[in-house]
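S.K.: Per numbering that gives the first Met the number 0, numbering through the sequence shown is continuous, rising by one, with the last residue being 290.
Glycine included, each C-beta is placed from N, C-alpha and C at the ideal position.
Before I ask anything, here is the structure I am working with.
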Amino acid sequence: MIFHRLGLIHKNQRGFTLVELLVAIAITGLITGGITMTIFQVFAGNARTSNHMTAVRQVQNAGYWISHDAQMARGVVITGVSGFPLTLTWTEYVSGDEHQVVYTLVGDQLQREHYTNRATNPDPDATAIVAQYIDSANTSCAFSGGSAFSLPDGDVTVDVFTITDAVGGDSGTISVTVPGDVTKATPVGGATVNGGTGPVTINIGSGAVAWTTPVPGSMIIITNTSNSDVTAGNWTSTTGTATATVTTDDDSDATLTDGDVLILTITATVGTGSQQTSETRVYEVMPRPGS
0 MIFHRLGLIH KNQRGFTLVE LLVAIAITGL ITGGITMTIF QVFAGNARTS
50 NHMTAVRQVQ NAGYWISHDA QMARGVVITG VSGFPLTLTW TEYVSGDEHQ
100 VVYTLVGDQL QREHYTNRAT NPDPDATAIV AQYIDSANTS CAFSGGSAFS
150 LPDGDVTVDV FTITDAVGGD SGTISVTVPG DVTKATPVGG ATVNGGTGPV
200 TINIGSGAVA WTTPVPGSMI IITNTSNSDV TAGNWTSTTG TATATVTTDD
250 DSDATLTDGD VLILTITATV GTGSQQTSET RVYEVMPRPG S
């Protein structure tokens, strides 16, 4: 009798059907997939956050070093389309030693070279990488407030620098300082030169030619039009809302010097794909008055 009842118990028990097994497997797969996706997102988010912090540190390092040297400098020269190489010079009051610091963009690195009395000691005292992962296409130097310019390649290429006003409402003058040089000033986007909106040819006999940039985005394009002579001169601004940058220079010899304010834009990009992140900082540095 006892064995008969046990037999009935086993006979009435049912196992999982195929449908129930498939449903259980599907639910388990969904749960596992969700957990895996969550873990992946956590790791990806951590990697992106880490990349962003690295980019922030790099632009901070670049801004610190250049700002520190620029505040010491009595001479500042930006060169080429990006403004780099950036050359900063100053003289020690007590020893009379002349210090020169040159910043260059080499690949994705910002390098700093320091020279002491470079005329007699041509080798740098120290060379260091101050920042990495630098996006050279979005890293540049500019001047506001007015400076000297040199466009020396009339016989080889066309050298150009542009005064651009992001705010609107600036004005100043442009003058050529070397006899025989010829420069063309072309106003764009509502700007004027000598009160007009057409190109104006400037030579040493023109004196100080007035320009205005009355609306945001207006600009003055300064072009060397001489066949062989170096074009050199000065530009000034009254409010400093306009900045000047070299915009065409194939062999990095067009220069802007001694601007009132150095505008430095640094961008660092770290990572690839979905983990790529960028950081951009803009620094405005007031160098010491030129000697």
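Need the endpoints of the beta strand (DSSP E) that Q99 sits in, please.
M.R.: In the sequence shown, the residue the question calls residue 99 occupies position 100. Per DSSP, Q99 belongs to the beta strand (DSSP E) from 97 to 105.
S.K.: Shortest alpha-carbon distance to V157 belongs to which of V281, A253, N45, Q99?
M.R.: Numbered from its first residue, the sequence shown carries residue 157 at position 158. For V157, the nearest C-alpha among the options comes from A253.
S.K.: Going by the CB atoms, is the gap between N116 and E97 shorter than 8 Å?
M.R.: Here residue 97 refers to the residue found at position 98 of the sequence shown. Here residue 116 refers to the residue found at position 117 of the sequence shown. Yes.
S.K.: Excluding the five sequence neighbours on either side, which residues of its own chain have a C-beta within less than 6 Å of the C-beta of Y282, listed in chain order?
M.R.: In the sequence shown, the residue the question calls residue 282 occupies position 283. Correct list, in chain order: G62, S66, L263.
S.K.: Is DSSP giving V75 helix, strand or coil here?
M.R.: Taking the sequence shown and counting its residues from 1, one reaches residue 75 at position 76. Here V75 sits in strand by DSSP.
S.K.: For A118 and V100, what's the separation of their Cα atoms in angstroms?
M.R.: Within the sequence shown, numbered from 1, the residue matching residue 118 stands at position 119. Within the sequence shown, numbered from 1, the residue matching residue 100 stands at position 101. Rounded to whole angstroms, A118 to V100 spans 13 Å at the Cα level.
S.K.: So is Y286 buried or exposed if we call it buried at 16+ other beta carbons inside 10 Å?
M.R.: As a working mapping, residue 286 is identified with position 287 in the sequence shown. According to the sequence shown, residue 286 is Pro rather than Tyr. So P286 counts as buried.
S.K.: Return the CA-CA distance between L5 and T16, expressed in angstroms with no decimal places.
M.R.: Counting from one through the sequence shown, the residue named residue 5 turns up at place 6. Counting from one through the sequence shown, the residue named residue 16 turns up at place 17. Caution is warranted here: a pLDDT of 48 is assigned to L5, below 50, making its placement in the model unreliable, and the coordinate value is therefore given only provisionally. Rounded to whole angstroms, L5 to T16 spans 23 Å at the Cα level.
S.K.: Per DSSP, what kind of secondary structure is V208 in: helix, strand or coil?
M.R.: The residue you call residue 208 lines up with position 209 of the sequence shown. If DSSP states are grouped into helix, strand and coil, V208 belongs with the strands.
S.K.: With burial defined as no fewer than 16 other Cβ atoms inside 10 Å of the residue's Cβ, what is the status of P186: buried or exposed?
M.R.: Mapped onto the sequence shown, residue 186 falls at position 187. Looking at its Cβ environment, which holds 16 or more other Cβ atoms inside 10 Å, P186 is buried.
S.K.: Looking at C-alpha atoms only, which residue of Q275, T279, T88 is the closest neighbour of N50?
M.R.: Within the sequence shown, the letter at position 51 stands for residue 50. When only C-alpha atoms are compared, the closest one is Q275.
S.K.: Taking T182 as the reference, which of A136, G206, V269 has the closest Cα?
M.R.: Numbered from 1 along the sequence shown, position 183 holds the residue referred to as residue 182. The option with the nearest alpha carbon to T182 is G206.
S.K.: Just grab the DSSP bridge partners of V291 for me.
M.R.: Nothing about residue 291 can be reported from this structure: the residues present for the chain run from 0 to 290 only.
S.K.: Identify the residues that DSSP records as bridge partners of F160: which are they?
M.R.: In the sequence shown, residue 160 corresponds to position 161, counting from 1. Partner(s): I221, V245.
S.K.: Quick one: Cα of V245 to Cα of A141, how far?
M.R.: Stepping through the sequence shown from its first residue, residue 245 is reached at position 246. Stepping through the sequence shown from its first residue, residue 141 is reached at position 142. Cα to Cα, V245 sits roughly 8 Å from A141.
S.K.: What separation, rounded to the nearest whole angstrom, lies between the Cα atoms of S139 and T161?
M.R.: Residue numbering aside, residue 139 sits at position 140 when the sequence shown is read from its first letter. Residue numbering aside, residue 161 sits at position 162 when the sequence shown is read from its first letter. Distance between the alpha carbons of S139 and T161: 14 Å.
S.K.: Quick one: what's got a C-beta closer than 6 Å to T176's C-beta in the same chain, skipping five residues either side?
M.R.: Locating residue 176 in the sequence shown gives position 177, counting from the first residue. Answer for T176: A231, G232, listed in chain order.
S.K.: List the whole-angstrom C-beta distance separating T235 from G145, where the pair is believed to meet the contact cut-off of C-beta under 8 Å.
M.R.: Here residue 235 refers to the residue found at position 236 when the sequence shown is read from its first residue. Here residue 145 refers to the residue found at position 146 when the sequence shown is read from its first residue. T235 to G145, Cβ: 4 Å. Contact.
S.K.: When you compare only the Cα positions, how much space is there between G189 and V166?
M.R.: By one-based count along the sequence shown, residue 189 stands at place 190. By one-based count along the sequence shown, residue 166 stands at place 167. Each residue's Cα considered, the two are about 13 Å apart.
S.K.: Expressed to the nearest angstrom, what Euclidean distance is found between the alpha-carbon atoms of T88 and D68?
M.R.: The sequence position of residue 88 within the sequence shown is 89, counting from 1. The sequence position of residue 68 within the sequence shown is 69, counting from 1. Going from the Cα of T88 to the Cα of D68 covers about 9 Å.
S.K.: Rank D169, A54, L261, E278 by C-alpha distance to the C-alpha of G82 and give the top, closest one.
M.R.: Locating residue 82 in the sequence shown gives position 83, where the first residue counts as 1. The shortest Cα separation from G82 among D169, A54, L261, E278 belongs to L261.
S.K.: Provide the residue span of the beta strand (DSSP E) that contains D257, from first to last.
M.R.: Locating residue 257 in the sequence shown gives position 258, where the first residue counts as 1. Per DSSP, D257 belongs to no beta strand (DSSP E) and is neither H nor E.
S.K.: List the residues that DSSP assigns as beta-bridge partners of I26.
M.R.: Within the sequence shown, numbered from 1, the residue matching residue 26 stands at position 27. Answer is none; I26 lacks a bridge partner.
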